[in-house]
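These notes concern the structure reproduced below.
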Amino acid sequence: MAGPAPPFRLLGTRCTACAAVFFPREDSACRNPHCAGGGDLAEVPLSPRGRVWSYTDGRYRPPAPYVSDPAEPWEPYVLIAVELEAEGMVVLGQGAPGVRLADLTVGAEVEVVGGVLNEDAETTWLTWQFRPVGPAGRAGSTGSAERSGGGS
Ligand SMILES: [Zn+2]
1 MAGPAPPFRL LGTRCTACAA VFFPREDSAC RNPHCAGGGD LAEVPLSPRG
51 RVWSYTDGRY RPPAPYVSDP AEPWEPYVLI AVELEAEGMV VLGQGAPGVR
101 LADLTVGAEV EVVGGVLNED AETTWLTWQF RPVGPAGRAG STGSAERSGG
151 GS
């Protein structure tokens, strides 16, 4: 097999005057109301990792402009809000294929990976996804989980 894939990074922009970071990228003007102005917006790679801020799953088909084939069965997906470490900003993205709600906890570390949003015969649209790293990323290998049995 090939070697490790090149790291996937989100690209934002940073104001050279006040250091505010924008994602999705802002290229026209700094949106920080406290910025003195006069800076340029330079492209910066964002943190490759962050921590789960919140998460949920999507069990219904979103309306357009979301692209989905109504002839295909709808597959629920996991949606994760991740707080990026260095930037302190929360970015929303889907879980990578195979990530389930049970794999996630608030505060767990996740990494950004590239994924496929949609594809047809000519084009593949890429997006970013999140996937747990470290022990939290284990896929049910140890069977010691116990239900807490209802209680009173
Ligand atoms: Zn600024």
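Read in order, the letters of the sequence shown correspond to residues 1 to 152 in full-length UniProt numbering. Ideal Cβ placement from N, Cα and C applies to all residues, glycine included.
Taking 8 angstroms as the upper bound for CB-CB distance, V52 and L104 are in contact here, some 6 angstroms apart. At a cut-off of 6 angstroms, the beta-carbon of G38 does not count as near ligand 1: no heavy atom of the ligand is closer than that. Taking 6 angstroms as the cut-off, one finds no heavy atom of ligand 1 near enough to the beta carbon of A42. Excluding residues up to 5 positions away in sequence, V21, F22, F23, R25, V44 and L46 lie with their Cβ nearer than 7 angstroms to the Cβ of G12 in the same chain.
A42 is bridged by DSSP to R14. R9 is positioned such that its CB atom lies no closer than 7 angstroms to that of A42. For W53, the enclosing beta strand (DSSP E) stretches over residues R49 to G58.
Residue burial is scored here from C-beta neighbours: A121 has fewer than 16 other C-beta atoms within 10 angstroms and is therefore classed as exposed.
Cβ contact annotation for L117 (same chain, cutoff 7 angstroms, sequence separation greater than five): W125, L126 and T127, in chain order. Of the residues assessed, G134 falls on the exposed side of the cut-off, its CB having fewer than 16 other CB atoms within 10 angstroms. For N118, the Cβ stays outside the 6 angstroms cut-off from all heavy atoms of ligand 1.
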